[in-house]
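Take a look at the structure below.
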Amino acid sequence: DVKVTQSSRYLVKRTGEKVFLECVQDMDHENMFWYRQDPGLGLRLIYFSYDVKMKEKGDIPEGYSVSREKKERFSLILESASTNQTSMYLCASVQGGFDTEAFFGQGTRLTVV
Amino acid sequence: GQQVMQIPQYQHVQEGEDFTTYCNSSTTLSNIQWYKQRPGGHPVFLIQLVKSGEVKKQKRLTFQFGEAKKNSSLHITATQTTDVGTYFCAGRRNTGFQKLVFGTGTRLLVSP
Numbered sequence: 001d002v003k004v005t006q007s008s009r010y011l012v013k014r015t016g017e018k019v020f021l022e023c024v025q026d027m028d029h030e031n032m033f034w035y036r037q038d039p040g041l042g043l044r045l046i047y048f049s050y051d052v053k054m055k056e057k058g059d060i061p062e063g064y065s066v067s068r069e070k071k072e073r074f075s076l077i078l079e080s081a082s083t084n085q086t087s088m089y090l091c092a093s094v095q096g097g098f099d100t101e102a103f104f105g106q107g108t109r110l111t112v113v
Numbered sequence: 114g115q116q117v118m119q120i121p122q123y124q125h126v127q128e129g130e131d132f133t134t135y136c137n138s139s140t141t142l143s144n145i146q147w148y149k150q151r152p153g154g155h156p157v158f159l160i161q162l163v164k165s166g167e168v169k170k171q172k173r174l175t176f177q178f179g180e181a182k183k184n185s186s187l188h189i190t191a192t193q194t195t196d197v198g199t200y201f202c203a204g205r206r207n208t209g210f211q212k213l214v215f216g217t218g219t220r221l222l223v224s225p
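Protein chains in written order, with the numbering used here: chain A, 1 to 113; chain B, 114 to 225.
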């Protein structure tokens with residue numbers, strides 16, 4: 001079974017802090033995604049990566065950056081956390097190809113105070 | 114911004130009633146996938162539709178992809194309490210990288 005692991009289940013950070021959310025997958029997938037989930041808004045794509053060191057902006061990249069130094073690891077960085085970034089963050093991993101499913105991590109609920 | 118909308122946002126049914134959620138995209142999709150997220154869980158893949166007008170069934174669940182490949186629906190016959198959760202559609206566009214865009218989701222509550 002594919003396993004996608006996010007480093008933290010719950011996280012509380014202060015406004016202005018730099019926050020790192022880590023995601024690791026064990027199936028050698030090319031594509032990895034970061035979403036945030038908010039009630040009524042569904043899953044909104046922040047960034048995705050289709051290869052090591054390659055990244056593309058999603059629909060809501062402002063205030064975030066990403067890093068993919070190794071194929072199995074995709075990190076989401078909040079440069080200076082703000083209260084409007086309080087949310088559930090979900091990482092997903094997808095093998096290359098147009099007909100493959102996404103495998104999700106368990107999610108990180110981030111609260112910025 | 115969000116370009117895949119789902120309706121309704123929320124539905125509460127009695128066990129045994131039917132349920133349908135609709136997914137609409139502003140652009141043509143190469144395929145559409147459906148996911149289910151149980152309360153407190155993460156989205157889990159249910160099915161994928163690729164062909165225009167395609168219909169697929171999984172027991173009490175029926176999935177349909179529109180002729181224009183811009184909309185889709187999920188119908189559950191005779192809901193059960195185990196159907197509780199949020200249902201998301203997700204689509205890939207015909208151009209560009211494999212950007213997987215999710216819909217806004219429909220939260221289903223089933224009362225016994």
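Note that CB positions come from ideal geometry on N, CA and C, so glycine has one too.
(request) Buried or exposed for I120/B, please, with buried defined as at least 16 other CB atoms from any protein chain shown within 10 angstroms of its CB. (result) The residue labelled residue 120/B in the question sits at position 7 within the second sequence. It counts as exposed.
(request) Would you verify that the beta carbon of H125/B is, or is not, closer than 8 Å to some beta carbon of chain A? (result) For the purposes of this step, residue 125/B is taken as residue 12 along the second sequence, with counting starting at 1. Closer than 8 Å: no.
(request) List the residues of chain A that Q177/B touches, going by C-beta distances under 9 Å, in chain order. (result) Numbered from 1 along the second sequence, position 64 holds the residue referred to as residue 177/B. At a C-beta separation below 9 Å, Q177/B has no neighbours in chain A, since its nearest C-beta there lies roughly 18 Å away.
(request) Enumerate in chain order the residues of its own chain whose CB-to-CB distance from K71/A is below 7 Å, with the five nearest sequence positions on each side excluded. (result) On the first sequence, position 71 is the one that residue 71/A refers to. Answer for K71/A: D28, V52, listed in chain order.
(request) Identify the contact partners of P152/B in chain A, using a Cβ-Cβ distance below 8 Å as the criterion. (result) On the second sequence, residue 152/B is found 39 positions in, with the first residue counted as 1. Within 8 Å of the CB of P152/B, no CB atom of chain A is found; the nearest one sits about 12 Å away.
(request) Flag this pair as touching only if the stretch 128-145 of chain B and the stretch 77-97 of chain A have three or more C-beta atom pairs under 8 Å; answer yes or no. (result) No, because fewer than three Cβ pairs between the stretch 128-145 of chain B and the stretch 77-97 of chain A fall closer than 8 Å, the two stretches do not touch.
(message) Can you pull the chain B neighbours of F33/A, defined as C-beta to C-beta under 7 Å?
(response) In the first sequence, residue 33/A corresponds to position 33, counting from 1. Per Cβ cutoff of 7 Å: L213.
(request) Check the DSSP bridge columns for I60/A and list the partner residues they point to. (result) Counting from one through the first sequence, the residue named residue 60/A turns up at place 60. None; I60/A has no bridge partner.
(request) Indicate whether at least one CB of chain A lies closer than 8 Å to the CB of G129/B. (result) Within the second sequence, numbered from 1, the residue matching residue 129/B stands at position 16. No, its Cβ sits nowhere closer than 8 Å to a Cβ of chain A.
(message) If you reduce the DSSP assignment to three classes, tell me which class D51/A lands in.
(response) Locating residue 51/A in the first sequence gives position 51, where the first residue counts as 1. The answer is strand: DSSP assigns D51/A an E or B state.
(request) May I ask you to list, following chain order, the residues of the stretch 75-91 of chain A that have a beta carbon less than 8 Å from some beta carbon of chain B? (result) Residues of the stretch 75-91 of chain A with a C-beta less than 8 Å from any C-beta of chain B: L90, listed in chain order.
(request) Return no unless some Cβ of chain B is closer than 8 Å to the Cβ of Q106/A. (result) Mapped onto the first sequence, residue 106/A falls at position 106. Chain B contact via Cβ: present.
(message) Rounded to whole angstroms, what is the Cα-Cα separation between R173/B and P39/A?
(response) Position 60 of the second sequence holds residue 173/B. Position 39 of the first sequence holds residue 39/A. For the pair R173/B and P39/A, the Cα-to-Cα distance works out to about 27 Å.
(message) Assuming contact is defined by CB atoms lying nearer than 8 Å, are G16/A and S80/A in contact in what I supplied?
(response) As a working note, residue 16/A is residue 16 in the first sequence. As a working note, residue 80/A is residue 80 in the first sequence. Yes, these two residues count as a Cβ contact at 8 Å.
(request) Would you give the residue range spanned by the beta strand (DSSP E) that R133/B belongs to? (result) Counting from one through the second sequence, the residue named residue 133/B turns up at place 20. Inspection of the sequence shows that residue 133/B is occupied by Thr rather than by Arg. Where T133/B is concerned, the enclosing beta strand (DSSP E) stretches over 132-138.
(message) Applying the 10 Å Cβ sphere with the 16-neighbour rule, what's the burial state of G107/A?
(response) Along the first sequence, read from residue 1 onward, the residue named residue 107/A stands at position 107. Burial call: buried.
(request) Evaluate contact between the stretch 4-20 of chain A and the stretch 160-177 of chain B, counting only Cβ atoms and requiring at least three cross-stretch pairs below 8 Å. (result) Proximity of the stretch 4-20 of chain A to the stretch 160-177 of chain B falls short of the contact definition, fewer than three beta-carbon pairs being nearer than 8 Å.
(request) Could you name the residues that DSSP lists as bridge partners for G19/A? (result) Start at 1 with the first residue of the first sequence, and residue 19/A comes out as number 19. In the sequence as presented, Gly is not what sits at residue 19/A; that position holds Val. Residue pairing by DSSP places V19/A opposite L78/A in a beta bridge.
(message) Which of the three DSSP states is assigned to D28/A in this structure?
(response) On the first sequence, position 28 is the one that residue 28/A refers to. Correct three-state label for D28/A: coil.
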